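Here is the structure we will look at.
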Amino acid sequence: MVAPVFPYPMSDFLKSLSIEYLIPGVSEFPNNMVAIMEPNQQFIEAFMAGLNHEMARELLWRGFPTDQMGSCFRQFWNPRDYIQPEPSDGVELADIAFMDTWTKQLGQHEAINSIEPGLVLIFRGDLFRKFPNVIIFAQRAEYYKKKGQKKRRIVQSDDPINFKFPISKFLIEPDINIVGFDLTVESAGGDDKDAGWFFVFQERLGEARFGLDDQNLLIPPPASPSLKSWNELDWAHINSQTAINIDSLINEPSSIDKNGIIWGKDAAHMAYILYQAPVMLALHSSAFLPPKSPIIHSDILTETKRKQIG
25 MVAPVFPYPM SDFLKSLSIE YLIPGVSEFP NNMVAIMEPN QQFIEAFMAG LNHEMARELL
85 WRGFPTDQMG SCFRQFWNPR DYIQPEPSDG VELADIAFMD TWTKQLGQHE AINSIEPGLV
145 LIFRGDLFRK FPNVIIFAQR AEYYKKKGQK KRRIVQSDDP INFKFPISKF LIEPDINIVG
205 FDLTVESAGG DDKDAGWFFV FQERLGEARF GLDDQNLLIP PPASPSLKSW NELDWAHINS
265 QTAINIDSLI NEPSSIDKNG IIWGKDAAHM AYILYQAPVM LALHSSAFLP PKSPIIHSDI
325 LTETKRKQIG
């Protein structure tokens, strides 16, 4: 019989009860760390089955005409960040098949042509507290040879087939981020023929920053640091008295910048000099995936390996 449909992501309601239902122990996740996890489809289907069962009982109690076989809830993950591909025909934003068609064991009833995360990235760190609006996506990798060694790099192409954007996101206040991708652990890590995928963290272009680069304290600066461009200006070019030592570094402005940008000339010139170019960090998924190692299961997400970032 016809049953009401509620197209709401049930993971949000589960999260409102306790984030521990989603990822047990997530509050103890270390700082400056990234990990890859896998969704536990058995748990998701068990949760959705119980939810639909109780909803059917509620409808019956309230006099709604029902045979108690309807699938009122089929959406677990939140697809609000999903970018619909073209063409969009056949793509279903549901995570489980209609329950009256279930005939197999739990974990084997995904919706046909559904879009749901096969891989979840969880990360926490100072970087994301400083830049809470960082853009996150996956970009295809390719192999190349350098000095006889086989290495990976990002595919330099704008073809949409080389990009995957998040299909679900969670923010656990104040600084734990969970992002789901339409990838599997196997496809993300790659193999000898397929280079896999990079996860990219990109600073938003519209959020301008101004300042100097950090000085590398592990490498003592030379007595008279030289500049080839204003982009190289860092705190090593400031003496211990915090006075800018620019006059001794720059004799001809044209040698630093072809546009003739001069230190201290006016606010526009200083903004040009101190402008910080947007940063992009790319981490290959193989850094998080141990080869053929046992996987530790949790309730919903299965952890594979953690990678420290700094």
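So the sequence shown is numbered by my numbering: it starts at 25 and just counts up by one. Beta carbons: idealized from backbone N, C-alpha and C, even for Gly. Bear in mind that the values here come from a model prediction, so they are computed numbers and not experimental data.
| Item | Value |
| --- | --- |
| When you compare each of D91, P54, P48, S309 to G149 by their alpha carbons, which one comes out closest? | P54 |
| Please report the Cβ distance between S253 and I60, rounded to the nearest whole angstrom; I am assuming they are in contact, meaning their Cβ atoms lie under 8 angstroms. | Not really, about 37 angstroms apart at Cβ, beyond 8 angstroms. |
| Given F152, which residues of its chain have a CB within under 7 angstroms of its CB, disregarding the five upstream and five downstream residues? | V158, D199, N201 |
| Need the endpoints of the beta strand (DSSP E) that I297 sits in, please. | Unbroken run through I297 is the alpha helix (DSSP H), 291 to 298; no beta strand (DSSP E). |
| Cα separation between D113 and E44? | Low local confidence applies: a pLDDT of 48 at D113 is under 50, so the model's placement there is unreliable, with the coordinate-based value given in what follows. Going from the Cα of D113 to the Cα of E44 covers about 36 angstroms. |
| Where do the N-terminal and C-terminal ends of the alpha helix (DSSP H) with E197 fall, by residue? | Segment: none, E197 is in no alpha helix (DSSP H) and carries neither H nor E. |
| Can you give me the C-alpha to C-alpha distance between H77 and E166, rounded to a whole angstrom? | 47 angstroms |
| My output table needs one value for D237: the three-state DSSP class, helix, strand or coil. | strand |
| Under 8 angstroms Cβ to Cβ from M34, same chain only, skipping five residues before and after it: list those, please. | F71, M72, L75, F97, Q99, F100 |
| Based on the DSSP secondary-structure assignment, which residues constitute the bridge partners of V144? | M61, G204 |
| Hey, would you say L207 sits closer than 8 angstroms to G142, going by beta carbons? | yes |
| Please state the DSSP three-state secondary structure of A232. | coil |
| CA-CA distance, K154 and T90? | 52 angstroms |
| Report the three-state DSSP secondary structure of E78 (helix, strand or coil). | helix |
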